[in-house]
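Line order of the protein sequences matches chains A and B. So that you can map any letter, position 227 of the first sequence is 227 in the working numbering, and since no number is skipped, the others follow by simple counting. So that you can map any letter, position 94 of the second sequence is 94 in the working numbering, and since no number is skipped, the others follow by simple counting. Idealized CB from N, CA, C, for every residue including glycine. Report on one structure; see the data block that follows.
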Amino acid sequence: MNADLVFRAKELRKDYGGAFTLGIDDLEIRRGEILALVGPTGSGKSTLLRLLHLLESPTSGTLEFEGRPVVYPAGVSIRRRITMVFQRPLLLRGSVLDNVLYGARLRGRLTPDKALSLLDSLGLGNLANAPAFPLSGGEIQRVAVARAFAIGCPVLLLDEPTANLDPAHVHGIERIIRSLREESGVTTVIVTHNLPQARRLADRVALLLDGRLIEAAEPNRFFDHPADPRTMAFLRGDMVW
Amino acid sequence: MIDPFWEVLRLTLQVTGLALGVAAVAGIPSGLILARSRFRGRGVVVAVIYTGMGLPPVVVGLVVYLLLSRSGILGPLAWLFTPRAMILAQIIIALPVVTGLTMAAAEAINPELSLQLRSLGANPAQEARAVLGEAQPGVLAALLAGFGAIISEVGAAMLVGGNIDGQTRVLSTAVVLETRRGNFGLALALGGALLTLAFIVNALLLRFQGSPRRLG
Numbered sequence: 001m002n003a004d005l006v007f008r009a010k011e012l013r014k015d016y017g018g019a020f021t022l023g024i025d026d027l028e029i030r031r032g033e034i035l036a037l038v039g040p041t042g043s044g045k046s047t048l049l050r051l052l053h054l055l056e057s058p059t060s061g062t063l064e065f066e067g068r069p070v071v072y073p074a075g076v077s078i079r080r081r082i083t084m085v086f087q088r089p090l091l092l093r094g095s096v097l098d099n100v101l102y103g104a105r106l107r108g109r110l111t112p113d114k115a116l117s118l119l120d121s122l123g124l125g126n127l128a129n130a131p132a133f134p135l136s137g138g139e140i141q142r143v144a145v146a147r148a149f150a151i152g153c154p155v156l157l158l159d160e161p162t163a164n165l166d167p168a169h170v171h172g173i174e175r176i177i178r179s180l181r182e183e184s185g186v187t188t189v190i191v192t193h194n195l196p197q198a199r200r201l202a203d204r205v206a207l208l209l210d211g212r213l214i215e216a217a218e219p220n221r222f223f224d225h226p227a228d229p230r231t232m233a234f235l236r237g238d239m240v241w
Numbered sequence: 001m002i003d004p005f006w007e008v009l010r011l012t013l014q015v016t017g018l019a020l021g022v023a024a025v026a027g028i029p030s031g032l033i034l035a036r037s038r039f040r041g042r043g044v045v046v047a048v049i050y051t052g053m054g055l056p057p058v059v060v061g062l063v064v065y066l067l068l069s070r071s072g073i074l075g076p077l078a079w080l081f082t083p084r085a086m087i088l089a090q091i092i093i094a095l096p097v098v099t100g101l102t103m104a105a106a107e108a109i110n111p112e113l114s115l116q117l118r119s120l121g122a123n124p125a126q127e128a129r130a131v132l133g134e135a136q137p138g139v140l141a142a143l144l145a146g147f148g149a150i151i152s153e154v155g156a157a158m159l160v161g162g163n164i165d166g167q168t169r170v171l172s173t174a175v176v177l178e179t180r181r182g183n184f185g186l187a188l189a190l191g192g193a194l195l196t197l198a199f200i201v202n203a204l205l206l207r208f209q210g211s212p213r214r215l216g
C-alpha cells in the first residue's frame with residue numbers, strides 16, 4: 001500500500017448497455033497531484049470522473065481509493081472525501097451563498113467567511129445574497145466551482161469547470177486550484193478541452209481516446225515529446241472524430 | 001346562532017385539517033418515491049392514482065359508508081356518522097390528489113440533481129429533503145388542490161357523517177341543510193364563510209410558497 005496514492009485503477013472497465021465505454025489498464029493518481037484529462041468528446045473522460053467519484057461501480061476491474069479497494073456502493077463517509085463539479089451544474093433554490101455553503105453544511109461545517117471569500121475571488125461577491133435562479137450560465141458555473149471548493153474535500157473532480165468562462169475567471173479558478181494544492185494538498189482531476197490550460201495547470205496530462213488511456217505524462221513531455229503517435233496527432237489537430 | 005356557527009367552523013377545520021395532514025404525510029413521500037423510481041407495474045399504479053384524482057366524493061362516501069356500516073368489514077369500529085368517518089372519506093379523496101401532483105412536481109426536476117447532491121455529500125435523507133425543497137412550489141400546489149377537493153365536498157361528508165347538529169355538521173353540509181330549509185340568506189352566509197376560510201388557507205400556503213428557503 002502506497003500512502004502517497006489517492007487512486008489506483010487496475011483493469012478498470014465500464015460498459016453501458018453492454019457497450020464498451022471505458023477501459024483503463026493502469027492509472028495511479030498521487031496525493032496533491034493535478035491531473036488533466038484531455039481527449040475528444042465521447043472518449044470516456046466524464047465516465048472516468050464518475051468512476052473516480054465512486055458514484056458508479058465499474059463493470060470489472062478494481063479501483064483503490066486511499067489505499068483500499070472500493071466496495072460498492074461506497075458509503076457516505078468515503079464519498080464525502082471527494083466532490084465534483086459537473087459539466088452542467090445544477091443549483092438549488094435559495095441564495096448564491098446558500099448554494100455555496102450547501103456541501104459544507106451537510107458535513108456540519110459552517111464556513112460563511114470562506115464561502116464569501118471564494119465568491120469574491122470568483123467575481124461573485126456582489127451576488128452572495130441574490131437568488132440563484134436568474135444567474136447566467138457562466139455565473140452558475142462559478143457558483144458550482146465555489147460550492148465544491150468551499151467543502152474542503154481532499155479530492156476535487158472537475159468536469160470542464162472553466163468552459164464558457166472568460167479568461168479572467170479561468171485564471172481565477174486555476175489560481176484557487178493551485179492554492180488548494182499548496183495549502184491543503186488537495187488532489188485535482190480536471191477534464192478540459194483547453195490544452196493551454198492543461199499545460200499551465202497540470203502536473204500530468206493524460207489523453208483518452210475511444211475509452212482507452214493512451215498516454216499520461218508531465219506537461220512538457222506530453223506536449224513537446226509525446227511518446228505515442230496518437231497523442232501527436234491529437235495535439236496537431238489531425239485527428240478526426 | 002354564534003355558538004353553532006363556531007362549532008361548525010371548528011369541526012370543518014378539524015376534519016379537513018386532519019384529512020389533509022394524513023394525505024400529506026402519506027402522499028408526499030409516495031409521490032416523491034413514484035417520481036424517482038422505475039418498477040414493474042408502475043404505469044398501473046400511476047394510472048390508478050390519476051383516476052383517483054377524479055373520484056366523485058359521493059362514490060367515495062358510498063364505499064366508506066358500506067365499509068363502516070354494521071355489516072361492513074370496518075363495522076366493528078363504529079365510526080359511521082362520526083367525524084372519524086368523514087376524515088376517512090376525505091383522506092381517500094385527497095390522497096390521490098396530493099400523491100399525483102407531488103409526483104408530477106418531482107418528475108419535473110432534472111434527474112441529474114440527485115447525482116449532484118450525492119456528489120456534494122448528501123446522504124439519502126438529505127438528498128430526499130433537497131429534492132422535496134426543489135419541488136416545494138409543486139408540492140404546495142398539491143396540498144392546495146387536496147385542500148380544495150375536501151373543504152367544499154358535500155357528498156361524502158353527508159353520507160358518512162350524517163350532518164348531525166353539533167357532531168358531524170360542517171360548513172358544506174350546513175349550506176345544503178339551510179338551502180333545503182329555505183334559509184337562503186343563512187346558506188349564503190355559510191357559503192361566504194366557507195369561501196373565506198378557503199381563501200385564508202390558500203393565502204397562507206401561497207405566502208409560504210413564496211418565502212425563501214434555507215438550504216442544507
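Where residue i falls, given that 16 or more other Cβ within 10 Å makes a residue buried
i         : result
Arg-218/B : It is not possible to answer for residue 218/B, since the shown part of chain B is limited to 1 through 216.
Arg-118/B : buried
Asp-166/A : exposed
Tyr-16/A  : exposed
Leu-188/B : exposed
Leu-204/B : exposed
Leu-73/B  : It should be noted that the sequence gives Ile, not Leu, for residue 73/B. Result: exposed.
Gln-167/B : exposed
Thr-231/A : buried
Arg-40/B  : exposed
Asp-165/B : exposed
Gly-211/A : buried
Leu-143/B : buried
Chain A residues whose Cβ lies nearer than 8 Å to that of residue i
i         : result
Arg-118/B : Leu-55 and Arg-79
Within chain B, partners of residue i - CB distance below 9 Å
i         : result
Thr-187/A : Those within 9 Å of Thr-187/A in chain B number zero; the least Cβ separation is about 16 Å.
Phe-86/A  : Glu-112, Leu-115, Gln-116 and Ser-119
Chain B residues whose Cβ lies nearer than 7 Å to that of residue i
i         : result
Gly-152/A : Those within 7 Å of Gly-152/A in chain B number zero; the least Cβ separation is about 11 Å.
Gly-103/A : Leu-120 and Gly-121
CB contact below 7 Å: residue i versus chain A
i         : result
Gly-216/B : Confidence is the limiting factor: at Gly-216/B the pLDDT is only 47, short of 50, which leaves the residue's position unreliable, though a coordinate-based value still follows. It does; some Cβ of chain A falls within 7 Å.
Ala-108/B : no
Gly-121/B : yes
Gln-90/B  : no
Gln-14/B  : no
Gln-126/B : yes
Leu-20/B  : no
Chain B within 7 Å of residue i, Cβ atoms only
i         : result
Thr-83/A  : yes
Arg-107/A : yes
Val-70/A  : no
Phe-222/A : no
Val-65/A  : Checking the displayed sequence, the identity of residue 65/A turns out to be Phe instead of Val. Chain B contact via Cβ: absent.
Leu-90/A  : yes
Val-76/A  : yes
DSSP-derived helix/strand/coil call for residue i
i         : result
Ile-82/A  : strand
Phe-5/B   : helix
Val-201/B : helix
Arg-109/A : coil
Thr-41/A  : coil
Val-139/B : helix
Asp-26/A  : strand
Phe-20/A  : strand
Ile-214/A : strand
Phe-147/B : helix
Arg-199/A : helix
Ala-206/A : strand
Ile-232/B : Only positions 1 to 216 of chain B appear in the structure, and residue 232/B is not among them; the question remains open.
Thr-8/A   : The sequence as given places Arg at residue 8/A; Thr does not occur at that position. Looking at Arg-8/A - three-state DSSP - the assignment turns out to be strand.
Thr-162/A : coil
Arg-221/A : helix
Leu-171/B : helix
Ser-184/A : helix
Phe-65/A  : strand
Distance between beta carbons of residue j and residue i, contact taken as under 8 Å
i         : j         : result
Gln-197/A : Val-155/A : The Cβ separation is near 20 Å, so there is no contact.
Val-64/B  : Leu-171/B : At roughly 20 Å, the Cβ-Cβ gap does not stay under 8 Å, so Val-64/B and Leu-171/B are not in contact.
Leu-120/B : Tyr-72/A  : Not quite, the Cβ-Cβ distance comes to about 19 Å (not below 8 Å), so this is no contact.
Val-60/B  : Ile-92/B  : 5 Å
Ala-163/A : Val-100/A : That pair is no contact at about 20 Å.
Val-205/A : Leu-158/A : Contact flag wrong, Cβ pair sits at about 14 Å.
Cross-chain neighbours of residue i in chain A, by beta carbon under 7 Å
i         : result
Gly-138/B : Here the premise fails: no neighbours, minimum Cβ distance about 12 Å.
Ala-141/B : None at all; the shortest Cβ gap to chain A is about 15 Å.
Ala-130/B : Leu-92
Heavy atom of the ligand HEM within 6 Å of residue i beta-carbon
i        : result
Pro-58/A : Of ligands this structure carries none, so the ligand HEM is not represented either.
Contacts that residue i makes with chain A (C-beta to C-beta distance below 9 Å)
i         : result
Gly-133/B : Leu-92, Arg-93 and Gly-94
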